[in-house]
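Take a look at the structure below.
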Amino acid sequence: MSKKVAIIDYGLGNHFSVQKKVARLGYDVITTHNPQRIKEADKLILPGVGHFGKAMETLQELNLINILNEEVIQKKKPILGICLGMQLMASHSEEGNIEGLNWFDATVERFQVTDKLKYKVPHTGWNQIDISKKNELLENIENHSEFYFVHAYHFNCKDKSDALCKTSYELDFTSAIERNNIFGVQFHPEKSHDVGLQLLKNFIEL
361 MSKKVAIIDY GLGNHFSVQK KVARLGYDVI TTHNPQRIKE ADKLILPGVG
411 HFGKAMETLQ ELNLINILNE EVIQKKKPIL GICLGMQLMA SHSEEGNIEG
461 LNWFDATVER FQVTDKLKYK VPHTGWNQID ISKKNELLEN IENHSEFYFV
511 HAYHFNCKDK SDALCKTSYE LDFTSAIERN NIFGVQFHPE KSHDVGLQLL
561 KNFIEL
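Written out as structure tokens, the structure is:
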């Protein structure tokens, strides 16, 4: 039986592109903020592009924070955060000085680059991942594979055991995280061609 995937819709994120790629892999996928549909899903994806504070505000307004905590923290349903969706899992963000979902002991910090000619902010384009911990999420993905990034803020893990891989952009930053049933990637797998499809498949097949 095909696994049901729910993409969390809170108005910020490239939901259509993510849904299209998951459907291409052959899975039953919907984009929704309906609590019942979220509860019925086997896997959750939390995408996101935009402002951290606005995202948290909208999640609160839609009562999605309570729903997500119930499904992810209490019931241990697997979830994948993408870009801003990963950042929302942190305890705090410098962007607006806002508290996050607090699923990871981490802060979200703006890139502070010294070589502004070489390193433009936001960090946009293809970059490599340096895998630091083996995990099923990265199965059949070679070390130093390239993924597509678009972000001005980066995820700073306080507990380095939560980090799956890092990426260098003048400084090294955490580009994928994992703790039990919770996963996050700073890059966009839906924009990363075959290697991105492999990662999405790995997550859904967990």
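Residue numbers in the sequence shown follow our numbering, run continuously in steps of one, and reach 566 at the last position. For each residue, glycine too, the CB sits at the ideal point set by N, CA and C. Quick caveat, the model's predicted, so the values are computed rather than measured.
- Inter-residue distance for Leu-422 and Ala-450 is about 20 Å (C-alpha atoms, whole angstroms).
- Within its own chain, the residues whose Cβ lies closer than 8 Å to the Cβ of Val-468, once the five positions on either side in sequence are excluded, are Phe-412, Gln-447, Ala-450, His-452, Ser-453, Glu-454, Glu-455, Gly-460, Tyr-513, His-514, Phe-515 and Asn-516, listed in chain order.
- Here the segment 472-486 does not lie against the segment 422-438, with fewer than 3 beta-carbon pairs under 8 Å apart.
- Ranked by Cα distance from Lys-399, the options Gly-410, Leu-385, Glu-565 and Ile-433 are led by Ile-433.
- With respect to Glu-550, Gly-544 sits apart: the two C-beta atoms are not nearer than 8 Å.
- Bridge partners of Ile-489 according to DSSP: none are assigned.
- Closest option to Phe-471, judged by alpha-carbon separation, among Thr-527, Arg-539, Ala-536 and Gln-396: Thr-527.
- Each residue's CA atom was taken as its position, placing Lys-518 and Val-473 some 21 Å apart.
- If you draw a straight line from the Cα of Asp-465 to the Cα of Asp-554, it comes to about 31 Å.
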